[in-house]
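Below is one structure, written out as structure tokens; comments come after it.
In this note's numbering, the protein residues as written are 51 to 131.
This is the structure in structure tokens:
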């Protein structure tokens, strides 16, 4: 849920992120991404973070869905003793 209003984000198996408004009961924004995403608002509700791949988090402007930053790219290694 947005910290500002009645909006929320959903990440779906169809490789989309959608912005929903409970007041209008409809999708207000749609973004297609290359893999199954997860998404969350920042504390101010102006930017959202999207986990696009298993190793990448990107920040987007909520009003335009424009990317504002690549935040994290990492590689995890599993070491089994």
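Note that beta-carbon positions come from the ideal geometry of N, C-alpha and C, so glycine has one too. Here the structure is a predicted model, which means the values were calculated and not measured.
field: Distance, residue 108 Cα to residue 76 Cα
entry: 25 Å
message: Let's test the definition: count the other Cβ atoms within 10 Å of the Cβ of residue 114 and tell me whether it reaches 16, buried, or not, exposed.
response: exposed
query: Do residue 91 and residue 69 have their C-beta atoms within less than 8 Å of each other?
result: Not in contact: residue 91 and residue 69 (Cβ atoms no closer than 8 Å).
Simplified DSSP assignment, three categories, for residue 112: Residue 112 sits in coil when the DSSP states are folded into three classes, being neither helix nor strand.
task: Counting only the same chain and skipping the five closest in sequence on each side, list residues whose C-beta sits under 7 Å from that of residue 110.
output: 97, 98, 100, 116, 117, 118
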